[in-house]
Amino acid sequence: DLLENHRILNDLIHKMDPGRVSAMANLFLLETDSPLVSLPDIRGYNLYYGWYVGEMEDNDAWFDDFHAKYPDTVIGLTEYGADAVITLQSPKPEKGDYTESYQALYHEYMLEMFAKRPYLWGTYCWNMFEFAAAGREDAGDPGKNHKGLITFDRKQKKDAFYIYKAWWSKEAFVHLCGKRYHDRIEEVTQVKAYSNQKEVTFLVDGKEVATQKGEHVFTIDVPICGIHKIEALVPGTNLRDEMEIARVSSPNPSYFASADKVRNWFDEKEEEPVEDNGYLSLNSTMGEIQAQPAGAIIIEKMMKQMQKKTAGGMGENVTISPAMQAMIARQPLRKLLQQGGMDLEGEEIKALSKALSKIRKG
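Numbering (this note's numbering), first residue to last: 845 to 1206.
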């Protein structure tokens, strides 16, 4: 029995070391009133709102709801993160695009969220480094989990690394974001710096254009029409960073992956599917599919398979909460599959698409 086995483990921990606090990380699918959650001394959840499901703001709602329900109980965020392939860049980062830009925005948001909630006993970013993951096909770079703040070879720090340094490090610094986003097609581009200092000055082509006071994140908008040298410095110190950017007429193809792997910022948004619009497709929302009996059967089988594969089978037999079901229902199936690292050109997904195309919408 799953619960009894965890009771035995919890008792063993206290027997081996009476002074040690027991903790357990729970899958986000598990209801907060499950006896598994309250079994150890302190509670924790793995949540991926803003990446696999939902939006970044759903993290706030989840923790606020938990705190309202259990005001005297601390909670830990035992796993969270967003994938980023370091070559992928975007002026309009969004969930699921695998860009370095979105990953940085995600972690900016999460750190702000943590700071507002003192009842969090700990947070565990997934992950410091990219690591091997045989079953993944992320954005054209297979075999890796790209949630690391540092690349697989341990040589390149992604921009998101520096937002943690801005919050947590005492070593004075300033870092310009977007150095790998050299070729830009927008007329006015955002320039961003991270720093743990209270003031940052920006220069464009050697001329001071702005000085900002603030904390952690500093941004300005810069009109661009050629090649420009961008600098950020901390007044009264030797702290400085610089980069070069250039205005180009068309997107640099190295900044995006194939459309079947990610959603690129310049792709057409939410157009009607090529398939017969009277029938279901991968572009249908989970709610639309589940509203049809035949579609509900397909989704039920798919979800069981996904739960069985999740965390070595830990997701199997877990009841999905009504709030989570409602959130999933709003998502297009294609988007969920992409964010799950599924190969949309694979035979399994093609078969799924074919089966859906035979089911008429209500």
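Just so you know, even glycine gets a beta-carbon here, dropped at the ideal spot from N, CA and C.
Does DSSP put residue i in a helix, in a strand, or in coil?
{"i": "L1047", "result": "strand"}
{"i": "L1077", "result": "strand"}
{"i": "P937", "result": "coil"}
{"i": "M1147", "result": "helix"}
{"i": "V918", "result": "coil"}
{"i": "R1204", "result": "strand"}
{"i": "E981", "result": "coil"}
{"i": "G966", "result": "strand"}
{"i": "D927", "result": "coil"}
{"i": "N903", "result": "helix"}
{"i": "M1158", "result": "Low local confidence applies: a pLDDT of 47 at M1158 is under 50, so the model's placement there is unreliable, with the coordinate-based value given in what follows. Of the three classes helix, strand and coil, the one that applies to M1158 here is coil, per DSSP."}
{"i": "I1029", "result": "coil"}
Rounded to the nearest angstrom, how far is the Cβ of residue i from that of residue j, given a contact under 8 Å?
{"i": "G1033", "j": "I1068", "result": "Checking the sequence shown, residue 1033 turns out to be Thr, not Gly. That belief holds up - the Cβ atoms of T1033 and I1068 are roughly 5 Å apart, short of 8 Å."}
{"i": "M1130", "j": "L1083", "result": "With a Cβ gap of about 48 Å, M1130 and L1083 do not count as contacting."}
{"i": "T1055", "j": "V1035", "result": "Contact doesn't hold; Cβ gap of about 13 Å is too wide."}
{"i": "N1121", "j": "D1027", "result": "37 Å between Cβ atoms; not a contact."}
{"i": "A1037", "j": "A1076", "result": "4 Å"}
Tell me which residue opens and which closes the beta strand (DSSP E) that residue i is part of.
{"i": "M1087", "result": "1084 to 1091"}
{"i": "Q1036", "result": "Checking the sequence shown, residue 1036 turns out to be Lys, not Gln. Where K1036 is concerned, the enclosing beta strand (DSSP E) stretches over 1032 to 1039."}
{"i": "F1062", "result": "1060 to 1067"}
Look at residue i and residue j and say whether their C-beta atoms are less than 8 Å apart.
{"i": "N989", "j": "R980", "result": "yes"}
{"i": "H911", "j": "Y953", "result": "no"}
{"i": "A1004", "j": "H1072", "result": "no"}
Rounded to whole angstroms, what's the CA-CA distance from residue i to residue j? Just pull it up for me.
{"i": "K1113", "j": "D916", "result": "Residue confidence for K1113 is low, a pLDDT of 46 falling below 50, so the modelled location carries little weight and cannot support an answer."}
{"i": "Y968", "j": "Y1123", "result": "43 Å"}
{"i": "A928", "j": "Y1099", "result": "12 Å"}
{"i": "V1044", "j": "H1060", "result": "10 Å"}
{"i": "M1168", "j": "T995", "result": "32 Å"}
{"i": "A1138", "j": "W895", "result": "29 Å"}
{"i": "A1170", "j": "H858", "result": "39 Å"}
{"i": "H1019", "j": "D861", "result": "44 Å"}
{"i": "A1140", "j": "P935", "result": "38 Å"}
{"i": "W906", "j": "E899", "result": "11 Å"}
{"i": "Q1175", "j": "Y914", "result": "29 Å"}
{"i": "L1126", "j": "R851", "result": "42 Å"}
{"i": "A869", "j": "L1200", "result": "35 Å"}
{"i": "G1190", "j": "L1196", "result": "10 Å"}
{"i": "K999", "j": "E848", "result": "45 Å"}
{"i": "M1158", "j": "R864", "result": "Here the model assigns M1158 a pLDDT of 47, short of 50, so the residue's position is not dependable and the matter cannot be decided."}
Between which two residues does the alpha helix (DSSP H) containing residue i stretch?
{"i": "L873", "result": "Neither: L873 is in no alpha helix (DSSP H) and is coded neither H nor E."}
{"i": "G888", "result": "Where G888 is concerned, there is no enclosing alpha helix (DSSP H), although the beta strand (DSSP E) it sits in stretches over 886 to 890."}
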